[in-house]
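The block underneath contains the structure these notes are about, expressed in structure tokens.
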Amino acid sequence: MSGPGSPDPDTRTDAELLAAHVAGDPDAFATLVGRHRDRLWAVALRTAGNREDADDALQDALVSAFRRAASFRGQSSVTTWLHRIVVNACLDRIRHQKVRAAQPLPDDVDRMTPAATGAGGEAQDPAETVVRSEQRRRVVAALAALPPEHRAALVLVDMEGFSVAEAAKVLGCPTGTVKSRCARGRAKLRTLLLDAGVEPPRPPPPGNPAPPPDVRSPAAPTPPPAPEGGATP
1 MSGPGSPDPD TRTDAELLAA HVAGDPDAFA TLVGRHRDRL WAVALRTAGN
51 REDADDALQD ALVSAFRRAA SFRGQSSVTT WLHRIVVNAC LDRIRHQKVR
101 AAQPLPDDVD RMTPAATGAG GEAQDPAETV VRSEQRRRVV AALAALPPEH
151 RAALVLVDME GFSVAEAAKV LGCPTGTVKS RCARGRAKLR TLLLDAGVEP
201 PRPPPPGNPA PPPDVRSPAA PTPPPAPEGG ATP
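At position 41 of the sequence shown (counting the first as 1) the number is 41 in UniProt numbering, and the numbers step up by one without a gap.
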């Protein structure tokens, strides 16, 4: 499989790769996951709230997708199907633990808090850095305090750039539910940030933000190995 950032030499579509995996191709699933691993990892990290749970949830999701590939009916795109499995794995983990740990989410928080440099790119003084570090900690705590379903909707729409319709397919709910969860999540997050003494981010403009840069992490799990006896689930 090609490394992160390198061109994908396999010209097959996602649907063709998934079908090849079901048919017994031992490399197709790894190629498919390698193509989308960075974004799947970003969604898992932001939804789960910390790297340990994100790693476990993504592993669970990849194993589930590997085994359930034959159930894919093409009613949505393969990427939507994969994201749905990842988000559900994260939500299941949160519900089972009944705990939402507040650990750093560098990519999310950096976009929601002021930059550590001035307008001209100059470094700020140590005291200012300490203040911003504390703000960052409070933002992380506020994100972790959101209900899991609201957080998942915000991750997909406000952080990953999914349209409301796409997010609805991932979450398996009506578009109106996604809009409601986003609105409630934003309102709750704003209240939590104000209570913590942090200036909330500006409301998103009409439409959806552009997808953020890829989040590449050495902690992102690799696809599960094919079970003995062939790749067919």
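Every residue, glycine too, gets a C-beta built ideally from N, C-alpha and C.
Only a predicted model underlies this, so the values are computations on that prediction, with no experimental measurement involved.
* To do: Out of V63, A89 and T31, point me to the one whose CA is closest to T47's CA.
  => Residue 47 sits at position 47 when you count from the first residue of the sequence shown. It is A89 whose Cα lies nearest to the Cα of T47.
* Exposed or buried, which one is F54 when buried takes at least 16 other CB atoms within 10 Å? -> For the purposes of this step, residue 54 is identified with residue 54 of the sequence shown, where counting begins at 1. A quick correction: the sequence has Ala, not Phe, at residue 54. Under this definition A54 is a buried residue.
* Asked: In whole angstroms, what is the alpha-carbon distance linking D27 and A20?
  -> In the sequence shown, the residue the question calls residue 27 occupies position 27. In the sequence shown, the residue the question calls residue 20 occupies position 20. Each residue's alpha carbon lies about 9 Å from the other.
* Asked: Taking the Cβ atom as the reference point for each residue, do H36 and V170 lie within a distance shorter than 9 Å?
  -> Residue mapping note: residue 36 aligns to position 36 of the sequence shown, counting from 1. Residue mapping note: residue 170 aligns to position 170 of the sequence shown, counting from 1. Going by C-beta atoms, H36 is not nearer than 9 Å to V170.
* Length of the line joining the Cα atoms of residue 252 and L154 -> The structure shown does not extend to residue 252, since the chain spans only 1 to 233, so no value can be given for it.
* At a cut-off of 8 Å, is V157 close to the ligand MN when judged by its beta-carbon and the heavy atoms of the ligand? -> You won't find the ligand MN in this model; it holds no ligand whatsoever.
* Asked: How big is the Cα-Cα spacing for S133 and L192?
  -> Here residue 133 refers to the residue found at position 133 when the sequence shown is read from its first residue. Here residue 192 refers to the residue found at position 192 when the sequence shown is read from its first residue. So the alpha carbons of these two residues sit roughly 17 Å apart.
* To do: Could you check the C-alpha separation between V157 and R95 for me, to the nearest Å?
  => The residue given as residue 157 occupies position 157 in the sequence shown. The residue given as residue 95 occupies position 95 in the sequence shown. Looking at the two C-alpha atoms, the distance is approximately 22 Å.
* Asked: Which parts of the segment 141-173 are runs of the alpha helix (DSSP H), unbroken and 4 residues or longer, counting only runs that do not cross its ends?
  -> Runs of alpha helix (DSSP H) with 4 or more residues, each lying fully within the segment 141-173, are found at 148-154 and 164-171, listed in chain order.
* Starting from the N-terminal side, write out each stretch of the alpha helix (DSSP H) that is 4 residues or longer and does not extend beyond the segment 39-71. => As far as the segment 39-71 is concerned, its whole alpha helix (DSSP H) runs of at least 4 residues are 51-68.
* To do: Pull up the distance between the alpha-carbon of G34 and that of V140, whole angstroms please.
  => Locating residue 34 in the sequence shown gives position 34, where the first residue counts as 1. Locating residue 140 in the sequence shown gives position 140, where the first residue counts as 1. So the alpha carbons of these two residues sit roughly 29 Å apart.
* **Coarse secondary structure for G207, derived from DSSP in three states** => Taking the sequence shown and counting its residues from 1, one reaches residue 207 at position 207. Its pLDDT being 49, under 50, G207 is placed unreliably by the model, and nothing is read from it.
* Candidates K188, D10, A142 and A57: which alpha carbon is nearest Q97's? -> Here residue 97 is taken as the residue at index 97 of the sequence shown, counted from 1. Cα-wise, what sits closest to Q97 is A57.
* **Continuous alpha helix (DSSP H) stretch holding A15: start and end** => Translated into positions along the sequence shown, residue 15 becomes position 15. First-last of the alpha helix (DSSP H) with A15: D14 to A23.
* Of the listed residues R67, A15 and V198, nearest to T80 (C-alpha basis) -> Within the sequence shown, residue 80 is the residue found at index 80, counting from 1. Ranking R67, A15 and V198 by Cα distance to T80 puts A15 first.
* To do: Assuming L40 contacts V78 (C-beta within less than 8 Å), just tell me the rounded distance between them.
  => Within the sequence shown, residue 40 is the residue found at index 40, counting from 1. Within the sequence shown, residue 78 is the residue found at index 78, counting from 1. Contact check for L40 and V78: beta-carbon distance about 12 Å, past the 8 Å limit, so the pair fails to qualify.
* Leaving out five residues before and five after R93 in sequence, what residues of the same chain have Cβ atoms less than 8 Å from its Cβ? -> In the sequence shown, counting from the first residue as 1, residue 93 sits at position 93. Same-chain partners within the cutoff: A48, D53, D56, A57 and D60.
* Could you tell me how far apart the beta carbons of K188 and L143 are, in whole angstroms, since I believe they sit closer than 8 Å? => Sequence index remark: in the sequence shown, residue 188 carries index 188 (1-based). Sequence index remark: in the sequence shown, residue 143 carries index 143 (1-based). With 8 Å as the limit, K188 and L143 do not qualify as a contact, their Cβ atoms being about 10 Å apart.
* Any idea what DSSP makes of S76, helix, strand or coil? -> Within the sequence shown, residue 76 is the residue found at index 76, counting from 1. Three-state DSSP puts S76 in coil, outside helix and strand.
* **Nonlocal neighbours in the same chain, by C-beta distance under 7 Å from V198, ignoring five residues either side** => Position 198 of the sequence shown, counted from the start, is the residue given in the question as residue 198. Only Q135, R138 and V139 meet the Cβ criterion.
* **Presumed contact (8 Å Cβ cut-off) between G185 and H150, rounded CB distance** => Within the sequence shown, the letter at position 185 stands for residue 185. Within the sequence shown, the letter at position 150 stands for residue 150. About 3 Å separates the two Cβ atoms, so the contact holds.
* Helix, strand or coil for T175, going by three-state DSSP, please let me know. => Locating residue 175 in the sequence shown gives position 175, where the first residue counts as 1. DSSP places T175 in helix when its eight states are reduced to three.
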